[in-house]
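What follows is a single structure, written as structure tokens, with notes after it.
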Amino acid sequence: MRVFPRFELFFLAFYTSLIVLVGVLVFFMTGSGETLILAALLLAFYLALALGKPLRRRRAARAQLPGEWREFLQAQSPFYRGLEDKGRAGFERDVRLFLAETRIAGTGGAPVSWQSRLLVAAGAAIMLHGRPDQEPPLRDGVTVYPGRAFDRNYRAGQGNIAGQAPAGGPLLVAEKSLHEGFADGHDGTNVIIHELAHYFDHEARKGGLKIVGASGVEMDWREAIAGEYRTHDFAASALDPYAAQNEAEFFACASEVFFERPGHLAAIHPGLFSLLVEFYGQDPRTTIMKGDR
Ligand SMILES: [Zn+2]
């Protein structure tokens, strides 16, 4: 994540220039000094509104993570443990930016513990680590359900749904499953990685992402992942059997294994692995394996 995303800087510069330009033009056409005062007021009003977010991000980027947060990440995340100093500083900054920008609430707006908020942010920071220009695709925030699961009627503590990624709503995750996803960093199961992967996938499909496949040929993201899904040997798969459901679940399950058992995935499914390296802009084997020492 960038402290100041480029597209936002572009809009800021564009509207600032537009207000100044129109103000000066009207002044030259009418000769009325009031026009300049009006343009200056309009500019001040616009900047007061538009600068709120960049200033908030700058504050978040400059802050430090509390010591106990670092200790918690150290204990919970092999990925974090495996990062060099520079990578770790970037990871921590992503965590702070994510938390400054993303609404994370319990059901009914209940507060969420810092540990659970930190694990959600860590999931996003892991997945964004190789893509500094990308923002987390979570416009509607995250809702944390109490207990291990919820059911189809969204009753907490019932059913067996650990998480869900509705396209037009917040990411849903059951708190106990969120923690369990990190408790064993090498079992290839991590619900927050799985649900975030669905949002990244939505965004890539919507944006018509182009990607270079194992063959070195640029192709549409949809085609690339569909091709892997079609040719995947599910009988000898490194992925959870749920991956066979459809392309979206295939990618989400593959992302969990990619970030938790990258060596295993690379050995068994090299084509899928290199597609994910391309998609996520990183090879987690280096990070995870260092974190294991
Ligand atoms: Zn899923």
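Take the sequence shown: its letters are residues 71 to 363, numbered as in this note's numbering. Positions of the beta carbon are idealized from the N, C-alpha and C atoms, including for glycine.
Where the alpha helix (DSSP H) through residue i begins and ends
i    : result
G101 : Segment: none, G101 is in no alpha helix (DSSP H) and carries neither H nor E.
D271 : V261 to K276
D290 : From DSSP, D290 is part of no alpha helix (DSSP H) but of the beta strand (DSSP E) over E288 to D290.
G137 : G137 to Q146
A337 : P332 to I338
A180 : Counting along the chain, A180 falls outside any alpha helix (DSSP H), and DSSP gives it neither H nor E.
P124 : G122 to R132
G351 : Segment: none, G351 is in no alpha helix (DSSP H) and carries neither H nor E.
Inter-residue Cα distance where the pair is residue i and residue j
i    : j    : result
I107 : R129 : 31 Å
V73  : L79  : 10 Å
Q315 : R187 : 30 Å
F149 : P354 : 8 Å
G179 : Y215 : 11 Å
R363 : R151 : Bear in mind that a pLDDT of 42 at R363, under 50, signals an unreliable position, so the model cannot answer this.
P221 : L167 : The sequence given here places Asp at residue 221; Pro does not occur at that position. Rounded to whole angstroms, D221 to L167 spans 32 Å at the Cα level.
V90  : A110 : 8 Å
A175 : P240 : 10 Å
R140 : L88  : 44 Å
G351 : G200 : 4 Å
I281 : G103 : 54 Å
S247 : Y85  : 45 Å
A219 : F304 : 26 Å
Q234 : Y116 : 38 Å
G122 : W184 : 24 Å
R262 : G251 : According to the sequence as given, residue 262 is Ile; it is not Arg. One C-alpha to the other measures close to 7 Å.
S325 : L135 : 27 Å
Y299 : F320 : 7 Å
E348 : M99  : 54 Å
Q144 : G93  : 54 Å
L95  : L113 : 15 Å
F97  : A194 : 49 Å
6 Å Cβ shell around residue i - same chain, five flanking residues per side excluded
i    : result
M197 : L266
A120 : L82
V182 : I174, G176 and V214
I231 : A219 and F220
V212 : I174, V190, P240 and L241
L279 : W291
S147 : A192
Close Cβ partners of residue i (< 8 Å) along its chain, the five nearest in sequence each way excluded
i    : result
F343 : F328, P332, L335 and A336
R275 : W291 and R292
M71  : R163, D164, L167, F168, L198, P202, Q204, E205 and P206
Collapsed DSSP secondary structure at residue i in the structure displayed
i    : result
R363 : Confidence is the limiting factor: at R363 the pLDDT is only 42, short of 50, which leaves the residue's position unreliable and the question unanswerable from this model.
F220 : strand
A253 : helix
A305 : helix
A313 : helix
L153 : coil
E162 : helix
F328 : helix
V92  : helix
R76  : helix
E205 : coil
S247 : helix
G258 : coil
Run of the beta strand (DSSP E) containing residue i, from where it starts to where it stops
i    : result
L189 : From DSSP, L189 is part of no beta strand (DSSP E) but of the alpha helix (DSSP H) over W184 to L198.
V282 : K280 to V282
Residues bridged to residue i [DSSP beta-bridge criterion]
i    : result
L242 : T213 and Q234
A294 : Answer is none; A294 lacks a bridge partner.
I174 : V212
A109 : Answer is none; A109 lacks a bridge partner.
A226 : F220
Sequence-distant residues of its chain with Cβ nearer than 7 Å to residue i (five each side left out)
i    : result
T357 : F149, G152 and L153
A318 : H268 and D271
H339 : A308
Residue i at chain D interface by Cβ criterion, 8 Å
i    : result
L335 : Within the model displayed, chain D is absent; a lone protein chain is all it includes.
Heavy atom of ligand 3 within 7 Å of residue i beta-carbon
i    : result
E319 : With respect to ligand 3, the structure shown offers nothing to examine, as its ligands consist of ligand 1.
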